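Participant: I have a structure here, written as structure tokens, and I will follow up with some questions on it.
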Amino acid sequence: MLQLLLACDADTESAASLAPLGGRLLASDVAGNQWLTTAADGTVDSRYTLDSIDPRCQGKEFDPYCLAFQAQRRTAHDGADEVVFTWSILDSSDGSDEEATDLIGEFAAVDWESHATRWQLAALDFSQLGRDAGCPFDPEEPCAVPEGLATDAYWRCHLHMPHDIVFASDSSAGWRGWIADTRNTRLLEVELPSGQSCGVVRSLVNEEDPDWAIYESPNSLAHGERDGVPFLLVSIKGTHEAGAEAEAQLGGAGKGKIAWWELREGRWTQAWEFPPEVLGAESFVNTPHGVQLLHDGDGNEVIAFAHSLGAHSEWSGVSGEGTVGILRVVDGQPEYLGDLRFPGKFALGFSRDVSETGDGRWIVTDSGCLTDPCDRPTRAWLIDAPTLSATGLSGAFSVDHGQQVFVDPGRIEGPYLEGEATVLYSVEWMAE
Numbered sequence: 003m004l005q006l007l008l009a010c011d012a013d014t015e016s017a018a019s020l021a022p023l024g025g026r027l028l029a030s031d032v033a034g035n036q037w038l039t040t041a042a043d044g045t046v047d048s049r050y051t052l053d054s055i056d057p058r059c060q061g062k063e064f065d066p067y068c069l070a071f072q073a074q075r076r077t078a079h080d081g082a083d084e085v086v087f088t089w090s091i092l093d094s095s096d097g098s099d100e101e102a103t104d105l106i107g108e109f110a111a112v113d114w115e116s117h118a119t120r121w122q123l124a125a126l127d128f129s130q131l132g133r134d135a136g137c138p139f140d141p142e143e144p145c146a147v148p149e150g151l152a153t154d155a156y157w158r159c160h161l162h163m164p165h166d167i168v169f170a171s172d173s174s175a176g177w178r179g180w181i182a183d184t185r186n187t188r189l190l191e192v193e194l195p196s197g198q199s200c201g202v203v204r205s206l207v208n209e210e211d212p213d214w215a216i217y218e219s220p221n222s223l224a225h226g227e228r229d230g231v232p233f234l235l236v237s238i239k240g241t242h243e244a245g246a247e248a249e250a251q252l253g254g255a256g257k258g259k260i261a262w263w264e265l266r267e268g269r270w271t272q273a274w275e276f277p278p279e280v281l282g283a284e285s286f287v288n289t290p291h292g293v294q295l296l297h298d299g300d301g302n303e304v305i306a307f308a309h310s311l312g313a314h315s316e317w318s319g320v321s322g323e324g325t326v327g328i329l330r331v332v333d334g335q336p337e338y339l340g341d342l343r344f345p346g347k348f349a350l351g352f353s354r355d356v357s358e359t360g361d362g363r364w365i366v367t368d369s370g371c372l373t374d375p376c377d378r379p380t381r382a383w384l385i386d387a388p389t390l391s392a393t394g395l396s397g398a399f400s401v402d403h404g405q406q407v408f409v410d411p412g413r414i415e416g417p418y419l420e421g422e423a424t425v426l427y428s429v430e431w432m433a434e
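With my numbering applied, the sequence shown corresponds to residues 3 to 434, in that order.
Written as structure tokens, this is what we have:
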């Protein structure tokens with residue numbers, strides 16, 4: 003049950019300082035076959051299990067089962083209140099490269115109140131990009147995937163373990179948005195015409211771009227405009243080990259980046275990456291997730307991301323000690339402000355997401371571990387939005403943490419949602 007009081011052994015100053023969190027929470031349970039909402043008093047008032055839209059999604063005790071990633075609430079162009087979410091099918095091979103159909107994913111939206119399906123993105127049309135998209139298609143039936151494809155081609159013709167979606171436009175003709183197509187290591191700009199289930203791919207960012215070349219597993223996105231220039235802010239979980247460029251940068255599993263891309267002269271180009279590229283040395287963050295544009299305690303915009311293993315003793319892993327990395331952009335480049343490190347019993351096992359409540363506070367989601375089973379609880383915490391200064395350090399992760407500054411987040415309230423989910427992926431606050 004959602005708890006609105008501090009744990010009993012917290013200090014009394016914290017208990018007196020933070021007002022209870024009102025409104026509702028929308029939580030996505032990556033291993034629990036569901037997303038759920040809680041009322042202000044902490045009780046779960048709604049659960050949506052994935053078998054409601056896909057009969058193959060019966061829960062982890064079945065084979066196959068489904069992984070649920072991002073769930074978000076939004077108002078559609080027609081004023082409808084809807085929840086958008088994604089899922090991927092997984093069987094007992096647990097994502098084996100020999101299983102072409104493993105982790106093929108879809109997005110859908112259902113009505114907030116009735117849970118009636120409003121739309122579903124189940125197929126992709128790459129014909130507008132031609133053969134350069136890497137997906138063979140029949141010009142007469144571009145939404146139909148040809149039979150007999152090799153595994154990697156089959157994946158490229160689908161969404162492969164998609165994590166997050168951001169919407170760029172919405173109208174009576176349909177919506178357009180960007181998808182983190184995680185296992186395909188690409189970002190897709192997709193347009194879904196109204197009443198259809200096959201999305202038209204309009205553009206992509208992938209390893210064909212030299213600034214993307216060693217990235218793998220993008221997982222979280224933000225989108226907007228700065229001075230009339232569209233941008234994409236993305237967290238990238240890891241990098242390749244093999245290949246001349248990857249070897250020059252000492253890339254590898256868990257060695258990830260935060261990157262900012264801009265649309266200039268009709269082409270998506272990288273404006274910066276954090277930490278900056280260094281040849282012959284590791285310049286990465288450790289297994290990042292959940293990047294967001296938020297506001298600090300003074301109301302200034304900052305970039306916060308779930309540095310999932312930010313205080314861990316090694317690269318990669320399924321659990322350790324997560325942090326929340328914080329940056330600000332100065333003269334078009336990122337500046338490292340520090341990593342929030344939760345103390346003692348509040349320690350994050352695997353930070354997965356960070357969001358804000360609109361009243362100067364942040365919600366930090368802890369998956370406990372990357373995957374289930376896990377011996378650490380999954381839960382969320384409420385903190386005051388911090389105000390931090392430049393550190394002069396790169397913020398790059400290393401096992402001795404020499405380029406990081408760990409900052410105590412101060413007042414902490416929670417835990418929220420402990421015992422209600424298997425592995426939390428994200429928690430979003432809603433006013434009502």
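From the three backbone atoms N, C-alpha and C, an ideal C-beta is built for every residue, glycine too. The structure displayed is predicted, hence computed values, not measured ones.
I need the boundaries of the beta strand (DSSP E) containing Glu191, first residue and last residue.
Facilitator: From DSSP, the beta strand (DSSP E) with Glu191 extends over 188-195.
Participant: Is the beta carbon of Thr88 sitting closer than 8 Å to the one on Glu108?
Facilitator: Result yes, Cβ atoms of Thr88 and Glu108 sit closer than 8 Å.
Participant: Mapping DSSP to helix, strand and coil, what is Trp317?
Facilitator: Note: Trp317 maps to coil in three-state DSSP.
Participant: Whole alpha helix (DSSP H) runs in the region 223-304 with 4 or more residues, listed along the chain?
Facilitator: Those alpha helix (DSSP H) runs which fall completely within the region 223-304 and span 4+ residues are 246-251.
Participant: Looking at the structure shown, is Phe139 part of a helix, part of a strand, or coil, going by DSSP?
Facilitator: Reduced to three states, the DSSP call for Phe139 is coil.
Participant: Do you know how far the Cα of Thr373 is from the Cα of Gly256?
Facilitator: Near 15 Å, if we compare the C-alpha coordinates of Thr373 and Gly256.
Participant: By DSSP, does Gly421 sit in helix, in strand, or in coil?
Facilitator: If DSSP states are grouped into helix, strand and coil, Gly421 belongs with coil.
Participant: Is it the case that the Cβ atoms of Leu206 and Leu190 are separated by a distance below 8 Å?
Facilitator: Contact flag set, yes.
Participant: Per the contact definition of three or more C-beta pairs closer than 8 Å, is the region 119-131 in contact with the region 140-147?
Facilitator: At 8 Å Cβ cutoff, the stretches touch.
Participant: Taking 7 Å as the limit between beta carbons, can you name the residues of its chain near His117, skipping five residues before and five after?
Facilitator: So the qualifying residues of the chain are Tyr50, Ser54.
Participant: Could you pull the start and end residues of the alpha helix (DSSP H) that Ala155 belongs to?
Facilitator: It spans 153-158 - the alpha helix (DSSP H) in which Ala155 sits, taken as one unbroken run.
Participant: Give me the Cα-Cα distance between Val366 and Arg343, rounded to the nearest whole angstrom.
Facilitator: So the two alpha carbons sit approximately 11 Å from each other.
Participant: If you follow the beta strand (DSSP E) that Arg49 is part of, which residue opens it and which one closes it?
Facilitator: Element bounds for Arg49: 46-51.
Participant: What does a CB cutoff of less than 7 Å around Asn208 pick up in its chain, not counting 5 residues either side in sequence?
Facilitator: Around Asn208: Thr187, Arg188, Trp214.
Participant: Counting along the chain, where does the beta strand (DSSP E) carrying Cys200 start and finish?
Facilitator: Cys200 -> beta strand (DSSP E) spans 200-207.
Participant: Could you give the distance in angstroms between the alpha-carbon of Ser353 and the alpha-carbon of His291?
Facilitator: Spanning the two alpha carbons is a distance of roughly 8 Å.
Participant: Quick one: what does DSSP say Arg185 is sitting in, helix, strand or coil?
Facilitator: Of the three classes helix, strand and coil, the one that applies to Arg185 here is coil, per DSSP.
Participant: For the beta strand (DSSP E) containing Gly327, name the first residue and the last one.
Facilitator: Where Gly327 is concerned, the enclosing beta strand (DSSP E) stretches over 325-332.
Participant: Taking its Cβ as the centre, do 16 or more other Cβ atoms sit within 10 Å of Ala82, making it buried, or is it exposed?
Facilitator: Classification of Ala82: exposed, given that the 10 Å Cβ count is below 16.
Participant: Under DSSP, the beta strand (DSSP E) around Asp59 begins and ends at which residues?
Facilitator: According to the sequence provided, residue 59 is Cys. The question's Asp does not apply to it. Segment: none, Cys59 is in no beta strand (DSSP E) and carries neither H nor E.
Participant: Going by DSSP, name the residue or residues bridged to Ser428.
Facilitator: According to DSSP, Ser428 bridges with Ser30.
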